[in-house]
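Novice:
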Amino acid sequence: MNLLIANGRVIDPSQQLDAKLDLLIEDGLVARVHKRIKANDVETIDASGLVVVPGLIDLHTHLREPGQEHKETIASGTRAAVAGGYTAVCAMANTVPPNDERAVTEMIIAEAARNGSCRVYPIGAVSKGLKGEALAELADLRAAGCVGVSDDGKPVYNAQLMRRALEYCTMLGIPVIAHEEDANLNEGGVMHEGYYSTLLGMGGIPAASEETLVARDVILARITGAHLHVAHLSTAGAVDAVRAARAAGVNVTCEVTPHHIALGDDAVRSFSTNLKMNPPLRPEGHRRAILEGIADGTVNAIATDHAPHHFDEKNVEFDLAPFGVIGLETAFAVCHEHLVRKKVIGLPRLIELMSAAPARIFRLPCGTLAPRPPGDVALFDLTTPFEAQAPFQSKASKSPFIGRTLRGRAVGTAVGGVVKYSRT
Ligand SMILES: [Zn+2]
């Protein structure tokens, strides 16, 4: 079945396209984008009043399968993805067992093909068992389909191991994705270390715990010539370090999350565990630095760090709750509100940060509506306000944006020309 998406405002940053156009998908591939396409035997979607964009790509999703299916599964996580306009997600390696060997990668790919609603690109572990001691079989992981490697959830403390990972990944043509946190500086921290942690009497996570490791890894990326991708960057110092390194020719990219774009640590006064994540929400100065990094191009991509937990696990005191909140279903609307409507960047640039740019960074064959790539498309309604509310498609419900009025809801998502989500 072929698919015609008619009368929408098509925005495709990969080819500087922004106009009222029709889009035809044939045999799962983008066939044509043109004014008024006539086609027989097609399923037609009227996209009047909607924007039509390349399906969003998330570089940082925790799907929790295998091993923690009470939190999320490949099926439920990808359902959440398409409900947010995502057509591809990169699945982090910290499952149980972790994705540190070929068999796990193959299981994830097979399950995604069987029960997934969107494309799933696995990320392999840097170290065996995520223990930070010995390198995982990186070439094997690459051959099995991993698009990057990361011990995310934890940093790679051993600088020599990180250096070796960077060297190997240069040969494999994939990035090392770094969770930058020296937890020795945190000692039981549950939120950003600063005014509000003191006021609330909670243990703090200093900005320095992120910035010290970013500084180290930028140096390792420089001496190896490897591609370092900094995950969920959250501090002003980290933005500065990436900006300076890139100016000096280091191959470093970075992502930021919607919650670090939209929220500050003052929100934690509510004690809601919906606001407990790692890295934590930071004060306004850090948030502004992230916005500046987005505006000047230092920040390469927006990624959700969708980190679902079971309701019971999060339904405890702030101190005791696990780190992590969901994000796939609200990411675009939150960024539309906080970046586009507040005039930090224009709409095409936002779409680039969530589609073409992530594809480029991890070398994925999507993120464009130019002819021939997979027909992965998302439709958004930018004008009708809606309230973010549980239940979500995700098995988890802990979102920091519950109760917020947003504009920019996904109303339709097609993967390979097949409609996987529709709000009508
Ligand atoms: Zn992380």
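According to our numbering, the sequence shown is numbered sequentially starting from 404. Where a beta carbon is used, it is the ideal one built from N, C-alpha and C, also for glycine.
1) Apply the 10 Å Cβ neighbour rule to residue 718 and answer buried if 16 or more other Cβ atoms are within range, or exposed otherwise.
2) Going by C-alpha distance, which of 710, 608, 581, 742 is nearest residue 561?
3) With a Cβ-Cβ cutoff of 9 Å, do residue 505 and residue 541 count as a contact?
4) Residues in its own chain within less than 7 Å of residue 750 by CB, not counting five upstream and five downstream?
5) Over the uninterrupted alpha helix (DSSP H) stretch that includes residue 434, give me the two end residues.
6) Within 8 Å: the Cβ of residue 551 and any heavy atom of ligand 1?
7) Taking just the CA atoms, how far does residue 773 sit from residue 701?
8) Between which two residues does the alpha helix (DSSP H) carrying residue 537 extend?
9) How big is the Cα-Cα spacing for residue 552 and residue 716?
10) Cβ of residue 756 within 9 Å of Cβ of residue 703?
11) For residue 425, count the other beta carbons within 10 Å of its own beta carbon; 16 or more makes it buried, fewer makes it exposed. Which is it?
12) With residue 621 as the anchor, note down where its alpha helix (DSSP H) starts and where it stops.
13) Relative to ligand 1, is the shortest distance from any of its heavy atoms to the C-beta of residue 634 smaller than 8 Å?
14) At which residues does the beta strand (DSSP E) containing residue 735 begin and terminate?
15) I want to check one thing, is the minimum distance from the CB of residue 582 to the heavy atoms of ligand 1 below 8 Å?
16) Between residue 897 and residue 745, how many whole angstroms is the CB-CB distance? I'm expecting something under 8 Å.
17) Mind checking which residues open and close the alpha helix (DSSP H) that includes residue 444?
18) Closest to residue 600 by CA distance: which of 722, 578, 423 is it?
19) Need the endpoints of the beta strand (DSSP E) that residue 657 sits in, please.
20) Residues in the same chain with beta-carbon distance under 6 Å from residue 782, minus the five sequence neighbours each way, listed in chain order, please.
21) Distance, Cα to Cα, residue 459 vs residue 515?
22) Do residue 588 and residue 557 come within 9 Å of each other at the CB atom, strictly closer than that value?
23) State yes or no: is the C-beta of residue 495 within less than 9 Å of the C-beta of residue 473?
24) Which value, in whole angstroms, describes the spacing of the CA atoms of residue 624 and residue 636?
Specialist: By the coordinates alone:
1) Exposed, by the Cβ-count rule.
2) Its Cα nearest to that of residue 561, the residue 581 stands out among 710, 608, 581, 742.
3) In this structure, residue 541 does not lie closer than 9 Å to residue 505 by Cβ.
4) So the qualifying residues of the chain are 414, 743.
5) Boundaries for residue 434: no alpha helix (DSSP H) harbours it, while the beta strand (DSSP E) harbouring it runs 432 to 437, taken from the DSSP string.
6) Not so, every heavy atom of ligand 1 lies at least 8 Å from the Cβ.
7) Cα to Cα, residue 701 sits roughly 26 Å from residue 773.
8) Following the DSSP letters along the chain, one finds residue 537 in no alpha helix (DSSP H), marked with neither H nor E.
9) Rounded to whole angstroms, the gap between the alpha carbons of residue 552 and residue 716 is 28 Å.
10) Residue 703 sits close to residue 756, with the two beta carbons spaced by under 9 Å.
11) Within a 10 Å sphere around the beta-carbon of residue 425 sit 16 or more other beta-carbons, which makes this residue buried.
12) Unbroken alpha helix (DSSP H) run through residue 621: 610 to 627.
13) Answer for residue 634: yes, Cβ within range of ligand 1.
14) Going by DSSP, residue 735 is part of no beta strand (DSSP E) but of the alpha helix (DSSP H) stretching over 734 to 738.
15) Checking every heavy atom of ligand 1 against the Cβ of residue 582, one is found closer than 8 Å.
16) Coverage of the chain is limited to positions 404 through 827, which leaves residue 897 absent and any answer about it impossible.
17) Under the DSSP assignment, residue 444 falls outside any alpha helix (DSSP H); it carries neither an H nor an E label.
18) Nearest Cα to residue 600 within the set 722, 578, 423: 722.
19) Segment 655 to 659, the beta strand (DSSP E) holding residue 657.
20) So the list reads 450, 453, 455, 814, 815, once near-sequence residues are dropped.
21) For residue 459 and residue 515, the distance between alpha carbons rounds to 17 Å.
22) The answer is no: Cβ separation not under 9 Å.
23) The answer is no: Cβ separation not under 9 Å.
24) So the alpha carbons of these two residues sit roughly 16 Å apart.
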